[in-house]
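Residue numbers (our numbering), protein chains in the order written: chain V, 2 to 451; chain E, 2 to 451. Quick reminder that beta carbons are idealized off the backbone N, C-alpha and C, glycines included. Quantities reported herein were computed from a predicted structural model and do not represent experimental measurements.
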């Protein structure tokens, strides 16, 4: 009888995060203060982050303890299952063996609470009363709302306007956990008002929403800012995914040949693959593939350069792949991937060849998502469908070569709050976007000069 | 460190269903042919059901093998977790210990696929090409769409109109698995057309939708009908819930004092409690509580009588608690509980005192659902919140008596497709409905005479 779900008991919950900074062949460059162009110190970040997270951001320790208070909340849904996707394999007629790590089982429906819980905990410990944040498709906003609820923190979410309108029930979910959400650009911040003055119909972007949330935190003494991706400490918190995966692949008696995750800011990909970086250094045949939308092709078409993390130039400068902080991506339904930049850790891994990157078109990505729903049962988030699409491409290559590759991807979230996008897909109303060459050329020209 | 999630490996998936008919103190009376008033034979049912399910409906065997082909699909998400709700206990300050069986982890989001998968399998085996069914809130319709997809069956869902409008994304989910869904009453059946002629604005009801789906099956040679609750074989398939619960309670070192499930047609409640009926016979102190909405109070205010399962009087007569087959319940958001009748098994258990029944008002039920979301993290379906509400009531009684009761309830589904109802609740737009005394008096007067 073909069953294949690999479960770990709650005693197998990782007790330490793995810090890939300790083992990276090329380490990310330091963040720079945009005024002085000198590396930022803890004091530059303390206006919006608690010291524990600032310390994690730059730590060289290979292992960092997960506080018990964080483990207790993660234990609501972790460890997450690993599935063998044998029905998907059958449908593809592939000799490849496909596995997926099911992060969709968390209450907010994605990998995002792996870090929101930790961030809320450290902010509460530091005496904060309130957190502000941005969200694209809403996965991160609902994850932070979920986490703040547990630690008695207020939470204010700036949600990219196009997603705010496409995904009304994400807003309801955020309300259910007691948080507040408004569309971005908003009239509540200088950053938002300036964008609205220039572009009253702006669909918003993650870059703009970050500017608003950072401004909110910087201008309220009781408020810190919380970022759902990009930063080193976020990737650190997400390593529970890859650490569990390693144990589960052992249960399955397998070693991955190909690891795949979708990338917006890079956190679900980073969390999946970071614990495998030492394996990659030992075994160059291991392939690590980041998947992004071809309409927001940060890793495949961007520059590896210092840039701001947000549109209003409020963040430190980070060395990363970027399309330019002014770039506003087309309104694809994978709202969580509409970001101009990329995690400095992920960027460094791609830049030195430890990882590679591919880009998928919206229609093919949805086709893969529907194939997955009809074989493995779970309806994936449009972001996640990018990883599925790449896994399908790699499995099809095995059909040609006859190789029995072991492919693992991160099922980073379900699509229960993205059904409007599926409706549009089934109605033939979705489109592929032409490569936004002119817009990218323009925004790249505005990269800060060092 | 407080974690409390009890997981079973896939090897612990029950291999047999438990048939409570073998052990019930008072067995349900036979179904009657409405024309002859004689017990129905298999031939009366064979126009709309396959013989395997007809045999299960009347089987006296205590254990019935689950086919491997069914186990393989159930294994996608089963065994489901058991959780200790210690945060809910803390919030209530109760000495009670509260556990919940988490059926929300199935891809369609509820316990419903436990039977839809089995029903689709047996219908495929019998050579059917297509299944028709009704759905209230959409949990059942999406579960049958999910199951039909695996066995290559077409699927047509008649969805109660008020829910069709309240829950658009349930429709999208049904489409994602390749099925077809229309609002009921519809113009596609005689039953639907007759209702629309009399009540053009009818919000629909499960009774009406059943009539339409049964007519569809009876008038198409390649089509059978599939019912998501009420019938004996449905309760049989749901016993995987209670069978797993027993093993998990052993892992926890506990025995339940109180078992709780919400009841619309009775299947999630029946599946949870049936395996405990022999325990109840040995230990009369074990309490088994069915929870229904006070606006559709089948068990607490209905008659124990023979009645039709549907509005258009197409089904056999079943002895059960009923509000009368003409009763159209108020448009509460727990659409899955808007049914005039009740599983004959559950009815017999309540009628002879093996189980008891309570009824909850919509606003208190939502209040309990939100409390659960903010303590245990999972946003429950409005139907499920009835069970939570009753668990909270019992836990509060323990606050007064100091008793450390062990309370187990079935978390039958999540509310990801019911967020519009939460929006309405938070906006203060939900109401309690007065007991629909006159409507019930009228529909009870139309009970068939024997």
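List, in order along the chain, the chain E residues whose C-beta lies closer than 7 Å to that of residue i?
| i | result |
| --- | --- |
| residue 106 (chain V) | 106 |
| residue 6 (chain V) | 11, 76 |
| residue 379 (chain V) | 108 |
Mind checking residue i: buried by the 16 CB within 10 Å criterion, or exposed?
| i | result |
| --- | --- |
| residue 34 (chain V) | exposed |
| residue 202 (chain E) | exposed |
| residue 181 (chain V) | exposed |
| residue 10 (chain E) | exposed |
| residue 27 (chain V) | exposed |
| residue 199 (chain V) | exposed |
| residue 402 (chain E) | exposed |
| residue 311 (chain E) | buried |
| residue 162 (chain V) | buried |
| residue 48 (chain E) | exposed |
| residue 422 (chain E) | buried |
| residue 250 (chain V) | buried |
| residue 429 (chain E) | exposed |
| residue 283 (chain E) | exposed |
| residue 443 (chain V) | exposed |
| residue 216 (chain V) | buried |
| residue 445 (chain E) | buried |
| residue 451 (chain V) | exposed |
Residues of chain E with CB under 9 Å from residue i, in chain order?
| i | result |
| --- | --- |
| residue 424 (chain V) | 169, 170, 172, 173, 176 |
| residue 417 (chain V) | 110, 170, 174, 415, 417, 418 |
At a CB-CB cut-off below 8 Å, which residues of chain E make contact with residue i?
| i | result |
| --- | --- |
| residue 150 (chain V) | 375 |
Distance check for residue j and residue i, CA to CA, integer angstroms please.
| i | j | result |
| --- | --- | --- |
| residue 341 (chain V) | residue 347 (chain V) | 14 Å |
| residue 289 (chain V) | residue 269 (chain E) | 44 Å |
| residue 106 (chain E) | residue 412 (chain E) | 10 Å |
| residue 196 (chain V) | residue 417 (chain V) | 31 Å |
| residue 355 (chain V) | residue 407 (chain V) | 18 Å |
| residue 257 (chain E) | residue 207 (chain V) | 49 Å |
| residue 89 (chain E) | residue 391 (chain E) | 13 Å |
| residue 56 (chain V) | residue 285 (chain E) | 59 Å |
| residue 349 (chain E) | residue 377 (chain E) | 34 Å |
| residue 19 (chain E) | residue 120 (chain E) | 16 Å |
| residue 73 (chain E) | residue 86 (chain V) | 12 Å |
| residue 322 (chain V) | residue 433 (chain E) | 55 Å |
| residue 69 (chain V) | residue 21 (chain V) | 22 Å |
| residue 96 (chain E) | residue 409 (chain E) | 14 Å |
| residue 64 (chain E) | residue 84 (chain E) | 27 Å |
| residue 291 (chain V) | residue 381 (chain V) | 17 Å |
| residue 7 (chain V) | residue 66 (chain V) | 25 Å |
| residue 438 (chain E) | residue 130 (chain E) | 43 Å |
| residue 319 (chain V) | residue 389 (chain E) | 48 Å |
| residue 393 (chain E) | residue 93 (chain E) | 8 Å |
| residue 128 (chain E) | residue 101 (chain E) | 38 Å |
| residue 1 (chain V) | residue 333 (chain V) | Residue 1 (chain V) lies beyond the residue range present for chain V, which begins at 2 and ends at 451; the question has no answer from this structure. |
| residue 98 (chain V) | residue 337 (chain E) | 39 Å |
| residue 426 (chain E) | residue 205 (chain E) | 22 Å |
| residue 233 (chain E) | residue 266 (chain E) | 11 Å |
| residue 224 (chain E) | residue 125 (chain E) | 10 Å |
| residue 193 (chain E) | residue 187 (chain E) | 5 Å |
| residue 115 (chain E) | residue 237 (chain E) | 10 Å |
| residue 117 (chain V) | residue 178 (chain V) | 13 Å |
| residue 111 (chain E) | residue 414 (chain V) | 18 Å |
Who pairs with residue i in a beta bridge, going by DSSP?
| i | result |
| --- | --- |
| residue 305 (chain V) | V:322 |
| residue 183 (chain V) | V:159 |
| residue 133 (chain V) | V:157, V:226 |
| residue 7 (chain E) | E:83 |
Residues of chain V with CB closer than 7 Å to the CB of residue i, please, in chain order.
| i | result |
| --- | --- |
| residue 427 (chain E) | 176 |
| residue 371 (chain E) | 177 |
What residues from chain V crowd round residue i, counting only those whose CB sits closer than 8 Å?
| i | result |
| --- | --- |
| residue 367 (chain E) | None at all; the shortest Cβ gap to chain V is about 11 Å. |
| residue 147 (chain E) | 378 |
Compare the C-beta of residue i against all C-beta atoms of chain C and say whether one is closer than 7 Å.
| i | result |
| --- | --- |
| residue 399 (chain E) | Here chain C cannot be found, since the structure's protein chains are V and E. |
Secondary structure, alpha helix (DSSP H): runs of 4+ residues fully inside the region 40-107 of chain V:
43-46, 52-59, 69-75, 87-93
Unbroken beta strand (DSSP E) runs of length 3 or more, entirely within the region 358-438 of chain V: which are they?
Counting only runs of at least 3 residues, the region 358-438 of chain V fully encloses the following beta strand (DSSP E) elements, listed from N- to C-terminal order: 407-412.
Taking only runs of the beta strand (DSSP E) that begin and end inside the region 215-299 of chain V, which ones reach a length of at least 3 residues, in chain order?
224-226, 259-263, 288-294
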